[in-house]
Amino acid sequence: MKVLVDCLDMKNKINTLMILVFLGALAGHAIGGGDDSAPTREYQVKAAFIYNFIKFIEWPGPAGAEADQKSDENNEPITIGIIGENPFGNTFETVTKKKIKNKQVVIKHFGGFEKNNIKYREDSKTKYKYKDADALKACQVLFVSGSESEYCKEIIDIVKDSYVLTIGENKDFLKTGGIIEFATEQKKVKFAINLIAAENAQLKIRSKLLRLAKKVIEKEEDEEENS
Amino acid sequence: MTIMRNMTIRYKLNLIIMLTCILALVLAGTALLLWQRVTLRQEMVSNLSTLAQITAENCKAAVAFEDVEDATETLKGLHAQPSIIFAEVHTKGGESFANYTRAGSDSDIITEHQIAAYQKDGYFFGDGSLTIFKSIVLDGETIGMVRLQSDLEPLYEMLKRDTTIIISIILFASLVAYFVSMMIQGIISGPILNLAEAAKRISEQKDFSIRVQKESEDEVGLLVEAFNEMLEQIQHHQAALIEANEQLEERVRQRTAELEETHKKLLDASRHAGMAEVATDVLHNVGNVLNSINVSVTLIREKVAKSEVANLKKVVDIIKENIDDLGTFLTQDQRGKHIPEFLIEVSKTLAEEQADTIERFRSLTENVEHIKEIVKMQQSYAKVSSVEEPTSLAKLVEDAIHINSAGLERHGVRLIRDFADPGPVSVDKQKVLQILVNLISNAKYAMSSRNVKGERILVVRIYAHGPDKMRIEVIDNGVGIAQENLTKIFNHGFTTKKDGHGFGLHSSALAARELGGSLSARSDGEGKGATFTLELPFKPAKVLQ
Chain A
1 MKVLVDCLDM KNKINTLMIL VFLGALAGHA IGGGDDSAPT REYQVKAAFI YNFIKFIEWP
61 GPAGAEADQK SDENNEPITI GIIGENPFGN TFETVTKKKI KNKQVVIKHF GGFEKNNIKY
121 REDSKTKYKY KDADALKACQ VLFVSGSESE YCKEIIDIVK DSYVLTIGEN KDFLKTGGII
181 EFATEQKKVK FAINLIAAEN AQLKIRSKLL RLAKKVIEKE EDEEENS
Chain B
228 MTIMRNMTIR YKLNLIIMLT CILALVLAGT ALLLWQRVTL RQEMVSNLST LAQITAENCK
288 AAVAFEDVED ATETLKGLHA QPSIIFAEVH TKGGESFANY TRAGSDSDII TEHQIAAYQK
348 DGYFFGDGSL TIFKSIVLDG ETIGMVRLQS DLEPLYEMLK RDTTIIISII LFASLVAYFV
408 SMMIQGIISG PILNLAEAAK RISEQKDFSI RVQKESEDEV GLLVEAFNEM LEQIQHHQAA
468 LIEANEQLEE RVRQRTAELE ETHKKLLDAS RHAGMAEVAT DVLHNVGNVL NSINVSVTLI
528 REKVAKSEVA NLKKVVDIIK ENIDDLGTFL TQDQRGKHIP EFLIEVSKTL AEEQADTIER
588 FRSLTENVEH IKEIVKMQQS YAKVSSVEEP TSLAKLVEDA IHINSAGLER HGVRLIRDFA
648 DPGPVSVDKQ KVLQILVNLI SNAKYAMSSR NVKGERILVV RIYAHGPDKM RIEVIDNGVG
708 IAQENLTKIF NHGFTTKKDG HGFGLHSSAL AARELGGSLS ARSDGEGKGA TFTLELPFKP
768 AKVLQ
């Protein structure tokens with residue numbers, strides 16, 4: 001589609017865009033398969049939040065650094081992974097046209113944790129390994145869908161050392177080691193941040209974002225809680 | 228400006244200096260204030276812009292995450308800046324996201340064109356307020372706008388403060404300028420005032436010896452120099468004038484004395500001339516008489532020359548020859564016979580001649596007697612001068628006529644006397660006679676012309692005019708006086724006579740005035756005769772002779 005867009009001249013861009021959006025919608029609908037419902041306002045907001053989170057968080061290494069505008073070709077894209085059911089519908093597809101920190105945004109969908117585990121034995125124990133674990137680790141952002149609430153810990157464990165911003169919507173997402181947890185209060189989307197997990201993932205979260213967080217789990221707090 | 232015209236130069240200078248200073252200061256102050264206003268505005272825009280920028284930065288996350296509470300909280304922080312009336316965060320779509328209104332302020336109502344301005348960064352000064360727009364940019368993307376509206380109180384405060392300072396400076400500087408100008412205006416006004424003072428003193432005291440001290444080499448110095456020079460000249464001229472004045476007075480005195488002398492001489496001369504006139508008349512008459520004497524003498528001599536005495540001598544000689552025989556001769560001789568007859572004839576002729584000669588001698592004697600009389604009269608008048616003595620006017624008139632009698636007779640003038648003699652009067656005989664002789668002589672002369680036809684009549688009248696005046700009128704029917712000459716005839720030097728010197732009537736008029744009377748003339752014109760009237764004060768003689 002991108003190629004197509006590039007081929008078109010500016011005059012027809014808008015028309016084409018509309019057609020593409022329409023086609024995209026159809027495609028999303030087709031790809032989404034099981035999730036027929038269109039994204040709710042809540043998920044539109046969450047999608048936007050996820051986008052904005054990226055802007056307030058710094059990743060270590062070249063991925064984190066803001067790209068040089070002139071050499072955007074060489075920049076690695078920012079990958080947003082969505083594991084489990086996709087509640088966003090095609091929301092992200094329309095948003096990915098925008099660059100973040102002058103980088104392309106790529107959306108990757110990963111299948112449910114349960115279904116995509118590979119059983120293997122190791123040390124005479126049956127172990128499961130997520131088949132796209134490497135791909136998960138390569139993501140900068142991983143949204144753990146509500147459908148994966150049972151496997152949050154497992155999923156987080158996979159990516160916890162791989163500079164991945166984990167975002168979930170389960171109640172105890174932070175406790176399981178997630179970094180950002182969405183919560184809806186009075187129909188408003190709020191979020192909480194686990195700063196310890198973020199530090200573990202070597203992610204730097206801007207204070208502005210922290211300030212907005214409904215709740216921030218910090219070391220001291222942790223210690224206090226522990227004590 | 229008219230007020231200024233009446234001020235002293237000192238105040239004028241002060242005023243000029245002060246006006247200039249204050250004007251310059253006010254201009255500078257105003258310029259400074261205007262510049263300050265511009266600067267303050269810019270500063271304010273800059274400050275508010277920074278504030279907006281900070282606010283935008285602080286609201287960035289809140290907008291990104293739609294956190295109204297946080298944005299509101301952030302905006303609330305603006306209350307630390309009391310000049311902020313209103314602050315608002317807008318979403319990209321232009322909806323109000325969060326706002327802040329200063330306590331006590333009305334919530335802002337934004338106008339259409341202000342909304343239009345919302346789309347980009349900028350600012351504008353509204354009425355009494357400054358509004359700033361600042362976009363909230365997240366990752367290169369504008370996600371909203373911050374609008375801050377501040378009142379201009381700080382600006383006004385600053386301007387007020389600056390104005391106060393500048394006015395203070397102006398006042399202080401003016402005060403200093405005033406004292407300085409008071410001190411230095413003397414440089415210019417001092418010499419001028421000195422000059423004015425000196426001029427005033429000079430005009431009051433009329434003292435031109437005052438000099439002004441020259442204090443500088445500028446125009447005022449030149450003025451002082453010129454002034455002093457002028458004074459020098461005035462002083463000089465004044466001295467010359469005073470001297471000239473004194474000399475003039477002396478000269479006037481001298482001239483007056485000379486004039487008096489001349490006048491006296493003139494008076495004497497005229498008196499003498501008057502007397503000479505009388506003398507001339509006298510001599511004239513004397514001459515006339517002498518003429519008839521001469522005629523008489525000639526006639527006598529001729530008579531004597533033709534006398535029969537010569538024939539008598541011849542007869543005597545014949546008788547002598549014949550003396551021896553005289554009888555015979557007388558009877559016998561032819562010639563002898565005629566002798567007695569001849570002798571009878573001769574004696575007869577001689578007797579006639581004697582009678583004639585006696586007659587002529589008698590006339591001669593009479594004439595000589597007349598001359599004697601005239602000379603005696605003249606002597607009697609000439610002797611006394613300005614002495615009033617009792618006399619009769621009629622007698623004086625008769626004397627005057629008598630002096631002129633020869634001339635009057637010669638011209639066949641008929642005299643008519645019309646005397647109403649008031650009796651003896653006290654009068655200066657000599658002067659009156661002089662006047663009368665002159666008048667009669669003039670009348671005679673006026674009638675002597677051949678133009679006068681008919682009988683020449685001279686009327687002399689004496690009458691009293693009023694209780695205290697008497698008049699003597701000499702009226703002739705001669706050539707008369709032309710109207711234009713009536714007033715001139717009394718002038719000195721005026722005469723119509725070929726050999727006259729114009730003294731007669733002039734001195735007569737003078738004499739009449741000296742007598743306390745007057746002499747006037749009137750005539751109906753040329754050829755119509757003239758009347759001269761001598762009016763004298765009537766002073767009856769006190770002592771009867």
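Sequences listed follow chains A and B, in order.
Read in order, the letters of the first sequence are residues 1 to 227 in the numbering used here.
Read in order, the letters of the second sequence are residues 228 to 772 in the numbering used here.
No residue lacks a Cβ here, since even glycine has one placed at the ideal position from N, Cα and C.
- Among the residues facing chain A, D354 (chain B) is not included, as its CB has no counterpart in that chain under 8 Å away.
- In the three-state scheme derived from DSSP, where H, G and I count as helix and E and B as strand, Y383 (chain B) is classed as helix.
- The distance from the Cβ of F292 (chain B) to that of F49 (chain A) is about 6 Å, consistent with a contact at the 8 Å cut-off.
- The shortest CA-to-CA distance from F399 (chain B) to any of B:Q657, B:G256, B:G752 and B:Q561 is the one to B:G256.
- T299 (chain B) carries a helical assignment under DSSP once its states are collapsed to helix, strand and coil.
- Secondary structure at H306 (chain B): helix, using DSSP grouped into helix, strand and coil.
- Within the same chain, T166, T176, G177 and G178 come within 7 Å of I156 (chain A) by CB-CB distance, once the 5 residues on both sides are set aside.
- Within the model, the alpha-carbon separation for E315 (chain B) versus A298 (chain B) is close to 9 Å.
- A straight line joining the alpha-carbon of S207 (chain A) with that of D294 (chain B) spans about 15 Å.
- What D297 (chain B) touches in chain A, judged by beta-carbon distance under 8 Å, is R211 and L212, going in chain order.
- Cα atoms of H511 (chain B) and Q710 (chain B): separation of roughly 30 Å, rounded to the nearest angstrom.
- Restricting attention to B:V573, B:S632 and B:H565, the CA atom closest to the CA of I598 (chain B) is found in B:S632.
- Around the CB of L468 (chain B), fewer than 16 other CB atoms lie within 10 Å, so the residue is classed as exposed.
- The beta carbons of I205 (chain A) and F56 (chain A) sit closer together than 8 Å.
- Rounded to whole angstroms, the separation of the alpha carbons of S145 (chain A) and I217 (chain A) is 21 Å.
- Within chain A, the residues placing a beta-carbon under 7 Å from that of D366 (chain B) are K55, I100 and K101, ordered along the chain.
- Secondary structure of R589 (chain B) (DSSP, three-state): helix.
- Look at the beta carbons and you see the region 421-436 of chain B not touching the region 394-411 of chain B: under three pairs across the two are nearer than 8 Å.
- For F56 (chain A), the enclosing alpha helix (DSSP H) starts and ends at R41 to F56.
- Across the set B:K603, B:R683 and B:K492, the C-alpha of B:R683 shows the shortest separation from the C-alpha of R641 (chain B).
- A check of alpha carbon separations from N117 (chain A) across A:E148, A:G81, A:K219 and A:E169 identifies A:E148 as the nearest.
- Judged by DSSP in its simplified three-state form, E76 (chain A) adopts coil rather than helix or strand.
- Considering only B:S519, B:S747 and B:M697, the residue with the shortest C-alpha distance to D648 (chain B) is B:M697.
- I546 (chain B) is positioned such that its CB atom lies closer than 8 Å to that of L553 (chain B).
- Judged by their CB atoms, R478 (chain B) and L458 (chain B) are not nearer to each other than the 8 Å cut-off.
- Using a CB distance cut-off of 8 Å, D348 (chain B) does not count as an interface residue toward chain A.
- Annotation note: the region 681-752 of chain B contains the following uninterrupted alpha helix (DSSP H) runs of length 4 or greater, listed N- to C-terminal: 731-741.
- Taking the C-beta atoms as reference points, G89 (chain A) is found no nearer than 8 Å to L142 (chain A).
- With 16 or more neighbouring CB atoms inside 10 Å of its own CB, A47 (chain A) falls in the buried class.
- Contact of K208 (chain A) with chain B by beta-carbon distance below 7 Å involves K287 and A288.
- Judged by DSSP in its simplified three-state form, V652 (chain B) adopts strand.
- At least one C-beta of chain A is nearer than 8 Å to the C-beta of A291 (chain B).
- Contact fails between the region 448-455 of chain B and the region 692-708 of chain B, because fewer than three Cβ pairs, one in each stretch, are under 8 Å apart.
- In summary, V531 (chain B) is exposed, with fewer than 16 beta-carbon neighbours lying within 10 Å of its beta-carbon over all protein chains present.
- The region 101-186 of chain A is shown to contain whole alpha helix (DSSP H) runs of 4 or more residues at 133-138 and 152-159, in chain order.
- For T266 (chain B), the three-state secondary structure derived from DSSP is helix.
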